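Going down the list, the protein sequences come from chains A and B.
Here the first sequence is numbered in full-length UniProt numbering, starting from 1 and rising by one per residue.
Here the second sequence is numbered in full-length UniProt numbering, starting from 1 and rising by one per residue.
Note that CB positions come from ideal geometry on N, CA and C, so glycine has one too.
For clarity, every value in this text was computed on a predicted model and none was experimentally measured.
Scroll down for the structure; my scribbles are underneath it.
There are 2 protein chains.
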Amino acid sequence: MKIGIIGYGNLGRGVEIAVNAAPDMELAAVFTRRDPKSVSIISKDVPVVNVSEVADWKDKIDVMVICGGSATDLPVQTPEYAKLFNVIDSFDTHARIPEHFANVDKAAKESGHVGLISCGWDPGLFSLNRVYANAILPDGKDYTFWGKGVSQGHSDAVRRIEGVKNAKQYTIPVEAALEAVRNGENPELTTRDKHTREVFVVAKEGADKALIEKQIKEMPNYFDEYNTTVHFIDEDEFNKNHSGMAHGGFVFRSGRTGVNKENNHIIEYSLKLDSNPEFTTSVLVAYARAVKRMYDEGQRGCKTVLDVPPTYLSEKSDEELRNHLL
Amino acid sequence: MKIGIIGYGNLGRGVEIAVNAAPDMELAAVFTRRDPKSVSIISKDVPVVNVSEVADWKDKIDVMVICGGSATDLPVQTPEYAKLFNVIDSFDTHARIPEHFANVDKAAKESGHVGLISCGWDPGLFSLNRVYANAILPDGKDYTFWGKGVSQGHSDAVRRIEGVKNAKQYTIPVEAALEAVRNGENPELTTRDKHTREVFVVAKEGADKALIEKQIKEMPNYFDEYNTTVHFIDEDEFNKNHSGMAHGGFVFRSGRTGVNKENNHIIEYSLKLDSNPEFTTSVLVAYARAVKRMYDEGQRGCKTVLDVPPTYLSEKSDEELRNHLL
Numbered sequence: 001m002k003i004g005i006i007g008y009g010n011l012g013r014g015v016e017i018a019v020n021a022a023p024d025m026e027l028a029a030v031f032t033r034r035d036p037k038s039v040s041i042i043s044k045d046v047p048v049v050n051v052s053e054v055a056d057w058k059d060k061i062d063v064m065v066i067c068g069g070s071a072t073d074l075p076v077q078t079p080e081y082a083k084l085f086n087v088i089d090s091f092d093t094h095a096r097i098p099e100h101f102a103n104v105d106k107a108a109k110e111s112g113h114v115g116l117i118s119c120g121w122d123p124g125l126f127s128l129n130r131v132y133a134n135a136i137l138p139d140g141k142d143y144t145f146w147g148k149g150v151s152q153g154h155s156d157a158v159r160r161i162e163g164v165k166n167a168k169q170y171t172i173p174v175e176a177a178l179e180a181v182r183n184g185e186n187p188e189l190t191t192r193d194k195h196t197r198e199v200f201v202v203a204k205e206g207a208d209k210a211l212i213e214k215q216i217k218e219m220p221n222y223f224d225e226y227n228t229t230v231h232f233i234d235e236d237e238f239n240k241n242h243s244g245m246a247h248g249g250f251v252f253r254s255g256r257t258g259v260n261k262e263n264n265h266i267i268e269y270s271l272k273l274d275s276n277p278e279f280t281t282s283v284l285v286a287y288a289r290a291v292k293r294m295y296d297e298g299q300r301g302c303k304t305v306l307d308v309p310p311t312y313l314s315e316k317s318d319e320e321l322r323n324h325l326l
Numbered sequence: 001m002k003i004g005i006i007g008y009g010n011l012g013r014g015v016e017i018a019v020n021a022a023p024d025m026e027l028a029a030v031f032t033r034r035d036p037k038s039v040s041i042i043s044k045d046v047p048v049v050n051v052s053e054v055a056d057w058k059d060k061i062d063v064m065v066i067c068g069g070s071a072t073d074l075p076v077q078t079p080e081y082a083k084l085f086n087v088i089d090s091f092d093t094h095a096r097i098p099e100h101f102a103n104v105d106k107a108a109k110e111s112g113h114v115g116l117i118s119c120g121w122d123p124g125l126f127s128l129n130r131v132y133a134n135a136i137l138p139d140g141k142d143y144t145f146w147g148k149g150v151s152q153g154h155s156d157a158v159r160r161i162e163g164v165k166n167a168k169q170y171t172i173p174v175e176a177a178l179e180a181v182r183n184g185e186n187p188e189l190t191t192r193d194k195h196t197r198e199v200f201v202v203a204k205e206g207a208d209k210a211l212i213e214k215q216i217k218e219m220p221n222y223f224d225e226y227n228t229t230v231h232f233i234d235e236d237e238f239n240k241n242h243s244g245m246a247h248g249g250f251v252f253r254s255g256r257t258g259v260n261k262e263n264n265h266i267i268e269y270s271l272k273l274d275s276n277p278e279f280t281t282s283v284l285v286a287y288a289r290a291v292k293r294m295y296d297e298g299q300r301g302c303k304t305v306l307d308v309p310p311t312y313l314s315e316k317s318d319e320e321l322r323n324h325l326l
C-alpha cells in the first residue's frame, strides 16, 4: 500500500521511519508547504512535492498521513484532504473532537473516503484502554496520569515570560498518587495531587530570576494549581540535557464486582517512550493500514481508533494472529 | 438484551452478577446438567432449567454464555449450542484454538449465528494487548507474566500425590525479571527466570513430608523447570488463608524505532484481580453485548476479541464514547 505524508516535521519524519519499517508499505511522496528543495528526507528516492500539487496524486496514494498541528493546521487540512484521499491525523484537542469528527465525516462521506482522526496515544491508545476498561468494569473509577515528559504548551508559555531565553517544562506524575491507585484505595485526587511540574529555564543576561520564578509559579491554568519547581541553568546544560522527546503515562481503571461489591480489580496500562513523536507515528502508521482495509471493504466517513477491530492494525493475517497471539 | 447461562459454577455465578449490573441486559434463564431444584442462584425470579430443555428457548435468548471447562465441556458445547443460539465462551487452551475456532465457525455459519470464543483475560485482554503492541512496535519483544495467582492445574497435580490431603499452588512473577523488562533491558528470560512457584500443602496424618516435597519439586513439566517453595500447613490455616481466587499478570512489548533504532519504547498492561472468575465473566458479558451487535448487523460465524471494534463492548453510544472517553 502507498502512503503519503503531508507536513515534514518531527511527526512527518516519524511516519517516514515507520513506513520504511513496514513490509507491506511504500512511501509514495512527501508534501510540504515549503520549497521542496529545502526539505531533506531520509528516503532519497522518494519525491518531495509542494502541497499545491497534491491533487495530481489523487489516485496514487492509498492513505495520506496528515502531520500538522492540532491548533490551526488539522481542523482545516484533514477535511480538505479527505475530499481527495483516505486520511489519518493525530488531532489531540479533546474538547474539539466532536466538531472535527463532523467536518471530516461530511467531507469523507461526500467524496467516498475514510478519514481516521485523533490517532496516537492520548487520544489513541489511552482512549482504547479507557473504553475497554469502562465496559468491563462499569462500577469503577478512571485515572489518567501523564509523564514524565515534556509539555509543549507549558514550555511555550514559560518562553513568553520577559527575560526567558529558553525553557522546557516536564509534567511528572506523583508517585504516591500512582501507588494509592495501584493499591486499590480509589483515592479522590485533586490536580495538585496527581502531577508536579518541573521547569528548566535559561534566563537572559541581567534578567530578574526571582520575578521569572514567581511569574511561572503563579501563572493561571498552567501552573497555579500545581506544585512547580523552577531551575535556572545555562544554555550548554539546556542543550545537553533537555533536548530529548521522551514521554509516557498511565491509565488506570479500578472497579468492583461481587454480590456485595466485595472484590476490587485494577487494570493498568502504561507507556514509557524514548521518543514521543516516533511512538505517535508508529501508532498512526498501524492505523493507516486499518484505514485502507476499512476503505477496501466499503466503509466510508470518519472513524476513530474506537471503531477499528484490532486485527486491522496488523499486516499479519487474521488466522496467524489468532493462532499465535490470541 | 436477553442473556442465558449454561453451567452454574464460579463462572456462571460471575456472569449472573455482571448481567445484573448491566443496565441493558436481563438474565433470561440458567441451564444446568444437575437437577434444577438443587441449583440455587442469586436472582430468585429467574428460571433454572435442565439443559435438556434448552431448545425450547431458541428464540428467547439473544446471547448464550457457555460456562463450561476448556478440557472437555467447551469443545463439545460451544459448537453444539451455536446451532441454536449466538454463543460466547472462555475457551483457554491456547494450542487448540484453531480447531475450536473451525468447529464453532462451521456450526455458527450453518445455523446463521455468531459465536465468540476464547474471551476472558488470557486469552482475551492480554491477546488484545499483544496484537495492538506488535502492530505498533513491529521491531520488539513480547513478555507475558502471570500472577500472583492460583494455578488450578498445578494445584490438582499436587493433590494427586500420595499423602496429600489438600494443596494450592501460586504462580509468582519474579520481580527482578519484571524490572529488567520495565527498564528496557530486553532480557532473554528462561522459564525459571520469569516465575517461581509456591505450594501450600495439607498432608495426611503420618505422611512422609520430605518425600512429598521431593515429588513436587521434581514433577516434570509442572515444577522441574521452576524454583519451587513448599509449605506444610494445617487444614484450618489452609481454609482461612488459601481459599481466595485472586489472580493477575503483566503483558509487555518492548520495541525500538528510529533511523538507527536508537529509541526504545515500553508498553505495559497489567491486571490485579481480587476474583479471577468475576473479572473473567465481566469481560465475557461486555463481549456478549458485542456479539449481539455483530449479529444484528448481519455478521455470522466464529469471532474472537481480535475481531471486535472497542465501541461494541459498551452500552453507551459511539458518539458518547467519542465525546467523553476518546
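With DSSP run on the structure shown, which of helix, strand or coil describes residue i?
{"i": "alanine 21 of chain A", "result": "coil"}
{"i": "aspartate 208 of chain A", "result": "coil"}
{"i": "phenylalanine 238 of chain A", "result": "helix"}
{"i": "proline 310 of chain B", "result": "helix"}
{"i": "serine 270 of chain A", "result": "strand"}
{"i": "glycine 12 of chain A", "result": "helix"}
{"i": "threonine 304 of chain B", "result": "coil"}
{"i": "arginine 253 of chain A", "result": "strand"}
{"i": "phenylalanine 101 of chain B", "result": "helix"}
{"i": "proline 173 of chain B", "result": "strand"}
{"i": "aspartate 56 of chain A", "result": "helix"}
{"i": "asparagine 186 of chain B", "result": "coil"}
{"i": "arginine 197 of chain B", "result": "strand"}
{"i": "tyrosine 226 of chain B", "result": "coil"}
{"i": "glycine 140 of chain B", "result": "strand"}
{"i": "histidine 324 of chain B", "result": "helix"}
{"i": "histidine 113 of chain A", "result": "coil"}
{"i": "valine 150 of chain A", "result": "strand"}
With 16 other CB atoms within 10 Å as the buried threshold, where does residue i fall?
{"i": "threonine 32 of chain B", "result": "buried"}
{"i": "serine 52 of chain A", "result": "exposed"}
{"i": "alanine 290 of chain A", "result": "buried"}
{"i": "valine 305 of chain A", "result": "buried"}
{"i": "histidine 195 of chain B", "result": "buried"}
{"i": "glutamate 275 of chain B", "result": "Reading off the sequence, residue 275 of chain B comes out as serine, not glutamate. The residue is buried, with at least 16 neighbouring Cβ atoms inside 10 Å."}
{"i": "proline 138 of chain B", "result": "buried"}
{"i": "alanine 288 of chain A", "result": "buried"}
{"i": "arginine 322 of chain A", "result": "buried"}
{"i": "glycine 244 of chain A", "result": "exposed"}
{"i": "lysine 303 of chain A", "result": "buried"}
{"i": "histidine 231 of chain A", "result": "exposed"}
Tell me, which residues are paired with residue i by DSSP?
{"i": "proline 75 of chain A", "result": "In the DSSP output, where bridge partners are listed per residue, proline 75 of chain A has none listed."}
{"i": "asparagine 166 of chain B", "result": "B:Val202"}
{"i": "serine 275 of chain A", "result": "A:Met245"}
{"i": "leucine 27 of chain B", "result": "B:Ile3"}
{"i": "aspartate 89 of chain B", "result": "B:Ile66"}
{"i": "lysine 316 of chain A", "result": "DSSP, once it has assigned bridges, lists no residue as partnering lysine 316 of chain A."}
{"i": "asparagine 263 of chain B", "result": "B:Thr257"}
{"i": "asparagine 50 of chain A", "result": "A:Thr32"}
Regarding residue i and the ligand ZN, is the C-beta to nearest heavy atom distance less than 7 Å?
{"i": "histidine 324 of chain B", "result": "With respect to the ligand ZN, the structure offers nothing, as it holds no ligand at all."}
The stretch 241–261 of chain A: positions lying closer than 7 Å to chain B by Cβ: Thr257, Gly258 and Val259
At least 3 beta-carbon pairs within less than 8 Å: the stretch 97–115 of chain B vs the stretch 249–257 of chain A: no
Cβ-based contacts, 8 Å cut-off: residues of the stretch 272–286 of chain A near chain B: Lys272, Leu273, Asp274, Ser275, Glu278, Phe279, Ser282, Val283 and Ala286
Against chain B: residues of the stretch 89–107 of chain A by CB proximity under 8 Å: His94, Ile97, Pro98 and Phe101
Interfacial residues, the stretch 283–309 of chain A to chain B, with Cβ spacing under 7 Å: Val283, Ala286, Thr304, Leu306, Asp307, Val308 and Pro309
The stretch 147–158 of chain B touching the stretch 123–132 of chain B, judged by at least three CB pairs closer than 8 Å: no
Touch test, the stretch 67–74 of chain B against the stretch 298–317 of chain A, Cβ-Cβ under 8 Å, three pairs minimum: no
At least three beta-carbon pairs within less than 8 Å, the stretch 235–244 of chain A to the stretch 220–227 of chain B: no
contact_flag[the stretch 265–283 of chain A, the stretch 5–14 of chain A] where n(CB pairs < 8 Å) is 3 or more: yes
The stretch 211–218 of chain B / the stretch 161–172 of chain B touching (three or more Cβ pairs under 8 Å): yes
Inter-stretch contact at 8 Å, needing at least 3 Cβ pairs: the stretch 199–209 of chain A / the stretch 162–179 of chain A: yes
contact_flag[the stretch 126–141 of chain A, the stretch 170–180 of chain A] where n(CB pairs < 8 Å) is 3 or more: no
Contact list for the stretch 17–48 of chain B against chain A, Cβ threshold 8 Å: Ile17, Ala18, Ala21, Ala22 and Ile42
Contact residues within the stretch 127–141 of chain A, judged by C-beta distance below 7 Å to chain B: Ser127, Leu128, Arg130, Val131, Tyr132, Asn134, Ala135, Ile136, Leu137, Pro138 and Asp139
The stretch 79–97 of chain B / the stretch 106–116 of chain B touching (three or more Cβ pairs under 8 Å): yes
Near-chain B residues of the stretch 212–232 of chain A - C-beta to any C-beta below 9 Å: none
Residues in the stretch 188–213 of chain A having any Cβ partner in chain B nearer than 7 Å: none
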